[in-house]
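Participant: Numbering (the numbering used here), first residue to last: -5 to 160.
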Ligand code: RP5
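1. For residue 110, which residues does DSSP report across the bridge?
2. Taking the C-alpha atoms as reference points, what is the distance between residue 51 and residue 158?
3. Near residue 118, what residues of its chain come up, given a Cβ to Cβ distance below 7 Å and the 5 sequence neighbours on each side ignored?
4. In whole angstroms, give me the CA-to-CA distance for residue 56 and residue 78.
5. Among all the DSSP beta bridges, which residues are the ones paired with residue 105?
6. Report the three-state DSSP secondary structure of residue 152 (helix, strand or coil).
7. Going by the C-beta, is residue 6 closer than 7 Å to any heavy atom of the ligand RP5?
8. Residue 87 to residue 35, Cα distance in whole Å?
9. So the beta strand (DSSP E) residue 30 belongs to, where does it begin and stop?
10. Taking the straight line between their C-alpha atoms, what separation do you get for residue 141 and residue 101?
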């Protein structure tokens, strides 16, 4: 489904985050939600970060998904410069398996929220679903697609494991 509008921005600290963050892009594609995918590094491209965060509303984004690993200050820094909802995805790091990313993103001081998802691909996928859920509050067509997607997921759960795998 080709989208005219791109209400979701998926940003990430490095191209090395894309194999994780593409899980957010894939589910948004499946749900028919347009998105822009951008590399914005808090420490390597700080000016790009400020420009992105300060112009996000004017550019028409409604939800921002921000993924980063290690000392993952990207989601919090973006949240500090926009009132738009920011969903943070802790990317699994090599050194600490993503615990560093998780705590960096989740432990925001009161007043500047980042909605933090699980570490890695599950978190990215859920960030995409959560973004669609937020947008569906004002989009009945999307709400219907989201409900249908959830029902399909439910219907796919079998009642017992296959007998040949005992
Ligand atoms: C973070 O450092 C990025 O979000 C990435 O998860 C991690 C490693 O980045 P690269 O060294 O692979 O560019 O900024």
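No residue lacks a Cβ here, since even glycine has one placed at the ideal position from N, Cα and C.
Facilitator: Reading off the structure:
1. According to DSSP, residue 110 bridges with 82.
2. Going by the C-alpha atoms only, they are around 54 Å apart.
3. Once the five neighbours on either side are set aside, the close Cβ partners of residue 118 are 14, 15, 17, 18, 61, 83.
4. Their backbone Cα atoms lie some 6 Å apart in a straight line.
5. Residue 105 is not bridged to any residue.
6. Correct three-state label for residue 152: coil.
7. In this structure, the ligand RP5 has a non-hydrogen atom nearer than 7 Å to the beta-carbon of residue 6.
8. Computed Cα separation, rounded: 15 Å.
9. Note, residue 30: beta strand (DSSP E), 29 to 33.
10. Cα to Cα, residue 141 sits roughly 31 Å from residue 101.
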